[in-house]
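Asker: Going by the numbering used here, the first residue of the sequence shown is number 13, and it counts up by one from there. All C-beta atoms, glycine included, are put in the ideal place defined by N, C-alpha and C. One structure is given below, represented as structure tokens, and several questions about it will come after.
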Amino acid sequence: MLRLGFKLAAFIALALAAAVPLRAETLTAVSPDGAIALTVSDEAGHASYSITYAGEEAVATSRLGMLFRDHHGFERDLAISASSEASHDDTWEQPWGERRVVRDQHNELAVTFAAKSGPAREITVRFRVFDTGVGFRYELSEQAAFQGPIAITDELTQFAIGADADAWWTPSRQFNRYEYIYRTGTAGVVDDAHTPVTFRQQNGLHISIHEAALVDYSAMSLLALRPGSFEAQLRPGSDGVKVHTTAPFNSPWRTIQIAPDAAGLINSDIILNLNEPNKLGDVSWVEPGKYIGIWWAMHINERTWGNDGIHGANNEDVKRYIDFAAEHGFSGVLVEGWNIGWDGDWFNNGELFDFTQSYPDFDLPMLGEYAAERGVRIIGHHETSGNVANYEAQMEDAFALYAANGVREVKTGYVADAGDIVRYDEDGVLQYEWHDSQFMVGHHLRAVKAAAEQKISINAHEPVKDTGLRRTYPNWMTREGARGMEFNAWGTPPNPTEHISILAYTRMLSGPMDYTPGIFDLRPNERPPVREDMQRGDPSNRPQTTLAKQLALYVVLYSPLQMAADLPENYEARMDAFQFIKDVPADWEESVAIAGEVGEYVVIARQERGGNDWFLGAVTDGTSREVSVDLSFLEEGEIYSAQVYRDGAEAHWDTAPYAIVIEEKTVRGGEALTLKMASSGGTAIRFIPAR
Ligand code: NOJ
Ligand code: CA
């Protein structure tokens, strides 16, 4: 009797639970190799997810959701109302890139959360689980509850990493945009970080959080809610609203790369795979290449952008650079300071830039022709000083003028403090916007599309961060978006010895960077002034690397437009080392990160596209080290001649940066090679198959 009574009570309880589902629903998906497991739940009425890697916790339970100014949001009282699964495995080709063939293999789980109170409404979160990480985005369909304009006031996506993980990040919402020395500390002290931000948990898992396909939305930084637990912080527009949109819309993908080691973060294509395929059609006019430029001379006060007697963009100097480019196989010569507007305080006078008027000593048609006759092209430059209103008014004409003179790549620039982008609203009222606001996300695409109309490719400085849009718009070739070489001319303090070993595992995960490597005169501010009023900068501003490390940057830091940044005369003085820059390609068949630790060192090998040679770049931080590299990227057992550029025995970035050994060796695919790198040194190698 007693037992029966118990059974009955249990039955009633079960029946009640079925009628009123109090139990959370939990859905799971795993990566194709089974290592990454994603769990999605509506526990306690909240949408949440968590991720493990090989059974270890990678991201603890983290909430999902979104709030709106004029609509009921998705935050509480949510229940999973539908879900679907799919698997995907195919390959696609990049017109140019760090590898030609990209494999997109993932398992997908789309989960719809419906609101149980307030107006009927639902939002879907689509997850894709790859072997190297997870991507997910919000999809808001057209529905009765979301008619008309939608103002997103908060995205509630959380990332629970753990306070004691190591972290490498740059601060968000600071005046210098993305151009900061990387902070190193525990996740617990990160307050508001730009992405990609990289973590290493106590269990050894490496995690990098970023986003993919940032289109018509504002960029996300990671704001600490509690130490080590972050929430997506969308950059607001000048009206305080984070994103203006309408239904249906998709958010950008939130990406969580996960790898058991540091190199694994680099060997991932999830950001490209989460972007849409090429929308421009035939892009054979987009050509990777190496360039030199009327550029470093201005940064080291050898020349000026403005027209004051030592104007850099003068016909004679530009011709000299074109001749040098032609002689040494460079496809481009960047010319900055060619157009009216640089005189005076150009930082703050963006409205004065005229993008179709040259200074009198710069003859664009003549120089365009001079370059073409020598198989070289001028690379154009549009500095806006953040006055995007002034630029947008002239953009079409400016690209047309350049196209008419044979220019096929334009470097753009948005030098202005973060949050000081000039826009005029519908009423003609001046508004200031962030560099990573929805307005700027839109501006960059407007510029890229206007450039594409003229078959011009873009290299943006002071840009919005890269989220893989080069797949969709292959003429958006490269960008800055971190501290580049220029900081070694005037950036007190200059880039520290560990800078590249951090960049490789953070900024570079987002896409190509126009770092502008290849400085050969490593004490540029010790040159005598060219004119009395043109004093050099602080001599402590100099590249804190050896010469060999400068060469290795061409392999480590991927960019399809790769600059040889120093003055031609400095290359003429070191033709032996310069040979590597002449030989190294800017377009690759395959790339593989071989070894490294975040902030310490990195070794990358790449195979040239359309050829058989492999190139290796290795760099270290301030610690000299020996690294044994497995040459398994070469054909097993095949013989190669290796042209090695390495630090000499006494090399040290500070005391003996020029100590370099250039030697030729025979190596066999599959064997191990020991690299010896000096303090902030490096190694660059070209492998040529003997057969
Ligand atoms: C900053 C850019 O990063 C640099 O490359 C350029 O020379 C100056 N702005 C001037 O446009
Ligand atoms: Ca810059």
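Taking DSSP's pairing of strands, which residues face P183 in a bridge?
Answerer: Bridge partners of P183: A205.
Asker: Check for me: the beta strand (DSSP E) holding S129 runs from which residue to which?
Answerer: From DSSP, S129 is part of no beta strand (DSSP E); its letter is neither H nor E.
Asker: Could you tell me the distance, in whole angstroms, from the CA atom of R548 to the CA atom of D578?
Answerer: Roughly 16 Å separates the two Cα atoms.
Asker: In whole angstroms, give me the CA-to-CA distance for S203 and A630.
Answerer: In the sequence as displayed, the identity of residue 203 is Asp instead of Ser. Approximately 32 Å, taken between the alpha carbons.
Asker: Could you compute how far the alpha carbon of N708 sits from the alpha carbon of L481?
Answerer: The chain is shown only over 13 to 703; residue 708 falls outside these bounds and no answer can be derived.
Asker: So is the beta-carbon of G321 under 7 Å away from any non-hydrogen atom of ligand 1?
Answerer: False, no ligand heavy atom lies under 7 Å from that Cβ.
Asker: In the structure shown, what three-state DSSP assignment does Q547 receive?
Answerer: Coil, per DSSP.
Asker: Assuming D599 and P572 form a contact by the criterion Cβ under 8 Å, report the distance between their Cβ atoms to the nearest whole angstrom.
Answerer: Right, their Cβ atoms sit about 6 Å apart.
Asker: Does the beta-carbon of V427, which I'm using as the reference point, lie nearer than 7 Å to any heavy atom of ligand 1?
Answerer: Yes, since a heavy atom of ligand 1 falls inside the 7 Å radius drawn around the Cβ of V427.
Asker: Given that a residue counts as buried once 16 or more other Cβ atoms are within 10 Å of its Cβ, and exposed if not, what is K423?
Answerer: So K423 ends up on the buried side.
Asker: Helix, strand or coil: how does DSSP classify Q591 here?
Answerer: Q591 falls in the helix class under three-state DSSP.
Asker: With S53 as the anchor, note down where its beta strand (DSSP E) starts and where it stops.
Answerer: Note, S53: beta strand (DSSP E), 48-53.
Asker: Looking only at its own chain, which residues have a Cβ that is under 7 Å from the Cβ of L76, when we skip the five neighbours before and after it?
Answerer: Excluding positions up to five away in sequence, the list reads A59, S60, Y61, V137, L168, T169.
Asker: Does the beta-carbon of A690 have 16 or more other beta-carbons within 10 angstroms, so that it is buried, or is it exposed?
Answerer: Per the 10 Å Cβ criterion, buried.
Asker: Ligand 2 heavy atoms versus the CB of G496: any closer than 7 Å?
Answerer: Yes.
Asker: Is M520 helix, strand or coil when you go by DSSP?
Answerer: DSSP places M520 in helix when its eight states are reduced to three.
Asker: Are the Cβ atoms of V388 and A337 separated by less than 8 Å?
Answerer: Yes.
Asker: Which residues in the same chain as T678 place their Cβ atom closer than 8 Å to its Cβ, once the five residues preceding and following it in sequence are excluded?
Answerer: Excluding positions up to five away in sequence, the list reads I651, Y652, S653, A654, A702.
Asker: What three-state label does DSSP hand D82 in the structure shown?
Answerer: D82: coil per DSSP, three-state reduction.
Asker: In whole angstroms, what separates the C-alpha of E421 from that of S513?
Answerer: If I take the Cα positions, the gap works out to 29 Å.
Asker: Take L284 and list the residues in its own chain whose beta-carbon comes closer than 7 Å to its own, dropping the five residues that flank it on each side.
Answerer: Excluding residues within five positions, the ones whose Cβ falls inside 7 Å are V114, G480, R483.
Asker: Leaving aside the five residues before and after R315 along the sequence, list all residues of the same chain whose C-beta is less than 6 Å from its C-beta, in chain order.
Answerer: Cβ within range, chain order: A309, I322, G324.
Asker: Alpha carbon to alpha carbon, how far is P300 from P524? Give it in angstroms, no decimals.
Answerer: C-alpha separation (whole angstroms): 12 Å.
Asker: Taking buried to mean at least 16 other C-beta atoms within 10 Å of its own C-beta, is D54 buried or exposed?
Answerer: Buried, because 16 or more other Cβ atoms sit within 10 Å of the Cβ of D54.
Asker: To the nearest angstrom, how far is the alpha carbon of A244 from that of H206?
Answerer: If I take the Cα positions, the gap works out to 10 Å.
Asker: For M232, which three-state DSSP category applies?
Answerer: Correct three-state label for M232: strand.
Asker: Which whole runs of the beta strand (DSSP E) in the region 447-473 are 3 residues long or more, in chain order?
Answerer: Here the runs fully enclosed are 469-472.
Asker: Can you check which of these residues, P260, G197, N327, F532, is closest to P161 by C-alpha distance?
Answerer: Comparing Cα-Cα distances from P161 to each of P260, G197, N327, F532, the minimum goes to P260.
Asker: May I ask whether a heavy atom of ligand 2 can be found less than 7 Å away from the beta carbon of E474?
Answerer: It does: the Cβ of E474 is within 7 Å (strictly closer) of some heavy atom of ligand 2.
Asker: Out of curiosity, what's the CA-to-CA distance linking S640 and P183?
Answerer: Spanning the two alpha carbons is a distance of roughly 35 Å.
Asker: Given a cut-off of 8 Å, decide if T557 and P669 are closer than it, judged by their beta-carbon atoms.
Answerer: Taking 8 Å as the Cβ cut-off, P669 and T557 qualify as a contacting pair.
Asker: When the Cβ atoms of the region 486-500 are set against those of the region 514-534, are three or more pairs found closer than 8 Å?
Answerer: At 8 Å Cβ cutoff, the stretches touch.
Asker: For I253, which of P540, N417, S603, D166 has the nearest alpha-carbon?
Answerer: The sequence shown places Val at residue 253, not Ile. When only C-alpha atoms are compared, the closest one is D166.
Asker: From what residue to what residue does the beta strand (DSSP E) around L284 run?
Answerer: From DSSP, L284 is part of no beta strand (DSSP E) but of the alpha helix (DSSP H) over 282-285.
Asker: Go ahead and pull the three-state DSSP assignment for A171.
Answerer: Contrary to the premise, residue 171 reads as Phe rather than Ala in this sequence. The answer is strand: DSSP assigns F171 an E or B state.
Asker: So the candidates are N624, A617, T635, I606; which of them puts its Cα closest to the Cα of D273?
Answerer: Nearest of N624, A617, T635, I606 to D273, Cα basis: I606.
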